[in-house]
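Structure first, commentary second.
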Amino acid sequence: MDKKVVIYTTSTCPHCAHLKEFLKEKDIPFENYDVSQNREKLLEMREKSHGLAVPVIDIDGKVMVGFNPQLVSKELGIK
Amino acid sequence: MYDLIIIGAGPAGITAGIYAARKKMNFLVITEDIGGQAVWSSDIQNYTGYQFISGADLVEKFREHLEQFKVNVNKNEKAEDVIKDGDHIIIRTNRGKYKTKTLIIASGRTPKEMGVKGEQEFKNRGVTYCATCDGPLFADTDVAVIGGGNSAMDAALQLTRIAGRIYLIDIADKFQADVVMAEKVKNDPKIKIFHKTRVKKIYGDKLVEGIQIEEEGIKDLPVQGVFVEIGSVPVSDFIEDIKKNKANEIIVNCRCETSIPGIFAAGDVTDVFSKQIIVACGEGAKATLAAFEYLNTRRFADE
Chain A
1 MDKKVVIYTT STCPHCAHLK EFLKEKDIPF ENYDVSQNRE KLLEMREKSH GLAVPVIDID
61 GKVMVGFNPQ LVSKELGIK
Chain B
1 MYDLIIIGAG PAGITAGIYA ARKKMNFLVI TEDIGGQAVW SSDIQNYTGY QFISGADLVE
61 KFREHLEQFK VNVNKNEKAE DVIKDGDHII IRTNRGKYKT KTLIIASGRT PKEMGVKGEQ
121 EFKNRGVTYC ATCDGPLFAD TDVAVIGGGN SAMDAALQLT RIAGRIYLID IADKFQADVV
181 MAEKVKNDPK IKIFHKTRVK KIYGDKLVEG IQIEEEGIKD LPVQGVFVEI GSVPVSDFIE
241 DIKKNKANEI IVNCRCETSI PGIFAAGDVT DVFSKQIIVA CGEGAKATLA AFEYLNTRRF
301 ADE
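Those protein sequences? They're chains A and B, same order as listed.
Heads up: the first sequence begins at 1 in my numbering, then just goes up one per residue.
Heads up: the second sequence begins at 1 in my numbering, then just goes up one per residue.
See below:
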């Protein structure tokens, strides 16, 4: 399992907190950017997701908006 | 076979769980998330014992309280079907099938959509249902908040710290929100209020560029964000043969009993008067106590 996981979040967003907790529970390493603090990453997120909503999850180039545990698990190939 | 399964872990479900743990019941919580709608609230001033607390902090305290007991909580799991089979209840989820003697439905509510042109198209592209989540993405831009209740006031007030100009669009001639919150909104110079105003459509190219409103004729408001805060609908579709009211809320009596023996319901998914965190907690407690009594006064066929 060496897929690269990048997530874009805000500190106040409960779904983002769930996502981080989920990845930690499953022992998946990830890079996290708080886009409310980081303008550059906010633009990068907009570019990738064509949208304005968090969390955005990028798993090896597959971009998802919003946290759906089933879809994330499927993409990571975990149960 | 479980004594009790609780669907949902918002204020009602968590409180039901705490009561079940203290009664040493053999139970399971099945839930998509922890905290439910309570998490979205930024400013709670009417939960006894706290003069001020955020929804996220209050939920964290609820969670700690529940987790001090050894409790089985299946997170990220969604109930899809419930049937009563003889004297037990079968729950099918996206991950499995469970059997229980009693059930508490505490699945809460989910945000309502406006149903206007452009809403689906621009979802997550400027249209959002969660000011707490997405608010920070709209720094220094102009935004519209749609609604006139507490959640609309809460969203508008949160956005005053982030966004540029805030247009608050309310369909009614006066706010339904608590007076304290409505006053704060009225006195905030960044918020411009439109009463008796409908949103006609949301427009843009890749992202939202504005909304069209109907206020003494049609008018365009250029905004980058649209925060929809027009209330919610109960999450009750996964169970069919249970009595519900016109609003799709599960009908309960003062013991949280539903039309199906052994199935109880609590909190915002029910027709209980007033959807408040503290009321939902109380209902959750009642539901477990009623389920406990139900178990103790009945014989069940072999397990």
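Where is the CB? At the ideal position from N, CA and C, for every residue including glycine.
Here the structure is a predicted model, which is why all the values come from computation and not from measurement.
Would you mind giving the Cβ-Cβ distance between residue i and residue j, rounded to the nearest angstrom? I have them listed as a contact below 8 angstroms.
i: residue 234 of chain B; j: residue 268 of chain B; result: 7 angstroms
i: residue 137 of chain B; j: residue 156 of chain B; result: Not quite, the Cβ-Cβ distance comes to about 16 angstroms (not below 8 angstroms), so this is no contact.
i: residue 112 of chain B; j: residue 231 of chain B; result: 5 angstroms
i: residue 264 of chain B; j: residue 291 of chain B; result: 5 angstroms
i: residue 5 of chain A; j: residue 30 of chain A; result: 4 angstroms
i: residue 94 of chain B; j: residue 29 of chain B; result: Going by Cβ atoms, the distance from residue 94 of chain B to residue 29 of chain B rounds to 15 angstroms, so no, they are not a contact pair.
Run the CB neighbour count on residue i, radius 10 Å, all protein chains shown included, and call it buried at 16 or more, exposed below.
i: residue 189 of chain B; result: exposed
i: residue 175 of chain B; result: buried
i: residue 217 of chain B; result: exposed
i: residue 181 of chain B; result: buried
i: residue 254 of chain B; result: exposed
i: residue 50 of chain B; result: exposed
i: residue 172 of chain B; result: exposed
i: residue 18 of chain A; result: buried
i: residue 258 of chain B; result: buried
i: residue 274 of chain B; result: exposed
i: residue 52 of chain B; result: exposed
i: residue 96 of chain B; result: exposed
i: residue 50 of chain A; result: exposed
i: residue 170 of chain B; result: buried
i: residue 69 of chain A; result: buried
i: residue 78 of chain A; result: exposed
i: residue 250 of chain B; result: buried
Look at the alpha carbon of residue i and the alpha carbon of residue j, and state the distance between them as a whole number of angstroms.
i: residue 148 of chain B; j: residue 266 of chain B; result: 26 angstroms
i: residue 68 of chain B; j: residue 18 of chain B; result: 9 angstroms
i: residue 27 of chain B; j: residue 86 of chain B; result: 20 angstroms
i: residue 210 of chain B; j: residue 76 of chain A; result: 37 angstroms
i: residue 105 of chain B; j: residue 300 of chain B; result: 21 angstroms
i: residue 213 of chain B; j: residue 139 of chain B; result: 23 angstroms
i: residue 282 of chain B; j: residue 6 of chain B; result: 15 angstroms
i: residue 13 of chain A; j: residue 298 of chain B; result: 45 angstroms
i: residue 54 of chain A; j: residue 133 of chain B; result: 7 angstroms
i: residue 3 of chain A; j: residue 237 of chain B; result: 37 angstroms
i: residue 246 of chain B; j: residue 58 of chain B; result: 32 angstroms
i: residue 160 of chain B; j: residue 166 of chain B; result: 7 angstroms
i: residue 198 of chain B; j: residue 46 of chain A; result: 29 angstroms
i: residue 20 of chain B; j: residue 288 of chain B; result: 6 angstroms
i: residue 142 of chain B; j: residue 158 of chain B; result: 14 angstroms
i: residue 227 of chain B; j: residue 25 of chain B; result: 42 angstroms
i: residue 135 of chain B; j: residue 262 of chain B; result: 42 angstroms
i: residue 101 of chain B; j: residue 89 of chain B; result: 6 angstroms
At a CB-CB cut-off below 9 angstroms, which residues of chain D make contact with residue i?
i: residue 222 of chain B; result: Considering every chain present, this structure includes no chain D. Its protein chains are A and B.
Ignore the nearest five residues each way along the sequence and tell me which others in residue i's own chain have a CB closer than 7 angstroms to its CB.
i: residue 32 of chain A; result: 7, 9 and 20
i: residue 34 of chain A; result: 9, 10 and 11
i: residue 10 of chain B; result: 35, 36, 37, 38, 106, 108, 267 and 280
i: residue 45 of chain B; result: 51 and 52
i: residue 80 of chain A; result: Nothing about residue 80 of chain A can be reported from this structure: the residues present for chain A run from 1 to 79 only.
Please work out which residues of its chain come closer than 6 angstroms, Cβ to Cβ, to residue i, disregarding the five sequence neighbours upstream and downstream, and give them in chain order.
i: residue 240 of chain B; result: none
i: residue 32 of chain B; result: 78
i: residue 151 of chain B; result: 229
i: residue 138 of chain A; result: The displayed coordinates of chain A run from 1 to 79. Any statement about residue 138 of chain A would go beyond what the structure contains.
i: residue 23 of chain B; result: 292
i: residue 8 of chain B; result: 31, 106, 107 and 108
Beta-carbon within less than 8 angstroms of residue i's beta-carbon, same chain only, minus the 5 sequence neighbours each way: which residues are those?
i: residue 204 of chain B; result: 118, 122, 125, 126 and 210
i: residue 194 of chain B; result: 167, 168, 169, 170, 213 and 215
(message) Quick check for students: name the residue ranges of the beta strand (DSSP E) that lie wholly in the stretch 105-165 of chain B, counting only runs of 3 or more.
(response) 109-111 and 143-146
(message) For a minimum of 3 consecutive residues, which ranges assigned as the beta strand (DSSP E) are wholly contained in the stretch 19-78 of chain B?
(response) 27-30 and 72-74
(message) Which complete beta strand (DSSP E) runs does the stretch 183-255 of chain B hold, if anything under 3 residues is left out?
(response) With a minimum length of 3 residues, the continuous beta strand (DSSP E) runs that stay inside the stretch 183-255 of chain B are 191-194, 198-204, 208-214, 218-221, 225-228 and 232-234.
(request) May I have a chain-ordered list of the alpha helix (DSSP H) segments no shorter than 4 residues that lie completely inside the stretch 7-38 of chain A? (result) 14-25
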